[in-house]
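Worksheet: the structure to be examined is printed underneath.
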Amino acid sequence: MENNEQIFIMNHPLIQHKLSFLRDKNTGTKEFRELVSEIATLMCYEATRDLPLMDVQTETPMCTATTKVIAGRKLAFVPILRAGLGMVDGMLQLVPSAKVGHIGLYRDHDTLQPVEYYNKLPSDIEERDVIVLDPMLATGGSAMDAITIVKRSRPRSIKFLCIIAAPEGLKALSEAHPDVHIYCAAVDEKLNEHGYILPGLGDAGDRIFGTM
Ligand code: PRP
Ligand code: URA
């Protein structure tokens with residue numbers, strides 16, 4: 010799968026290096042959680058590349074200079090519970106002023122359909138650009154539903170940021186929400202018969218919270 014105008018695959022060496030350790034079945038919960046957070050920070054850097062800038066006047070010790078600051082765009086991060094929570098601190102490292110909303114979804118083990126159990130979004134979301142977070146895009150059902158829920162609150166824009174995507178999920182999500190830019194660190198081979206990504210990293214929520 011190639012980058013296109015909607016899908017951005019972040020193949021930066023630092024991200025790819027950390028992703029190898031994330032996939033490793035011998036990586037323990039503490040290190041797994043740290044890696045998810047670090048990868049989220051690196052992905053945040055890239056996914057905010059298009060934030061508009063404006064000129065300001067700054068007094069340096071030498072003279073007045075015209076310098077640049079981010080032009081008042083407000084962000085909101087919306088993790089999909091549970092696993093998306095693991096990405097929030099890493100994102101906030103770079104954008105501490107962002108607000109954080111939460112959408113609770115779990116995949117029914119038999120049907121693989123997402124089931125909503127929680128939804129709390131910032132009250133001023135209409136003024137914000139939203140980045141929805143989930144480390145895993147498998148069938149795409151959870152991301153599609155979460156983005157549909159966020160869209161009802163009419164934010165200015167929505168991006169989706171995941172660490173590993175299956176080709177099936179990328180296709181489904183990009184077709185269901187063609188206006189949403191999708192950022193991922195890797196596109197894996199396929200889903201297995203239980204809807205898990207191969208080679209993947211297993212169950213992201215269980216590995217973040219140690220509930221295996
Ligand atoms: C995982 C993952 C995604 C979803 C992806 O969550 O974090 O939310 O599955 O699968 P999909 O693309 O086929 O919908 P899970 O349902 O295991 O819940 P959890 O994060 O609470 O463990
Ligand atoms: N959710 C996960 O956590 N891992 C997968 O491989 C698929 C869905």
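Numbering (the numbering used here), first residue to last: 10 to 221.
Idealized CB from N, CA, C, for every residue including glycine.
Helix, strand or coil for residue i, going by three-state DSSP, please let me know.
{"i": "G204", "result": "coil"}
{"i": "D133", "result": "coil"}
{"i": "T67", "result": "strand"}
{"i": "H190", "result": "strand"}
{"i": "P123", "result": "strand"}
{"i": "M145", "result": "strand"}
Taking a contact to mean a Cβ-Cβ separation below 8 Å, would you say residue i touches residue j in this structure?
{"i": "I158", "j": "H186", "result": "no"}
{"i": "L60", "j": "M96", "result": "no"}
{"i": "A213", "j": "P144", "result": "yes"}
{"i": "K129", "j": "H111", "result": "yes"}
{"i": "I172", "j": "F41", "result": "no"}
{"i": "V87", "j": "V78", "result": "no"}
{"i": "I191", "j": "L182", "result": "yes"}
{"i": "L31", "j": "L51", "result": "no"}
{"i": "A194", "j": "L28", "result": "yes"}
{"i": "S46", "j": "D119", "result": "no"}
Measuring alpha carbon to alpha carbon, tell me which residue in the options is nearest residue i.
{"i": "T100", "options": "I18, Y115, K199 and E55", "result": "According to the sequence shown, residue 100 is Met rather than Thr. The option with the nearest alpha carbon to M100 is E55."}
{"i": "Y126", "options": "D197, T69 and L114", "result": "L114"}
{"i": "P164", "options": "K27, D215, D188 and I16", "result": "D188"}
{"i": "V196", "options": "D215, T148 and G219", "result": "T148"}
{"i": "D33", "options": "M221, L210 and T220", "result": "L210"}
Suppose the cutoff is 7 Å on Cβ atoms and the five residues either side in sequence are ignored; what does the same chain contact list for residue i look like?
{"i": "A80", "result": "P61, L62 and M63"}
If I measure Cβ to Cβ from residue i and keep anything under 6 Å in the same chain, skipping five residues before and after, which residues do I get?
{"i": "Y222", "result": "In the structure displayed, the chain extends from 10 to 221; residue 222 sits before or after that span and is not available."}
* To do: Please specify which runs of the beta strand (DSSP E), each continuous and at least 3 residues long, are wholly inside the region 62-117, giving them in chain order.
  => 62-68, 73-79, 83-90 and 111-116
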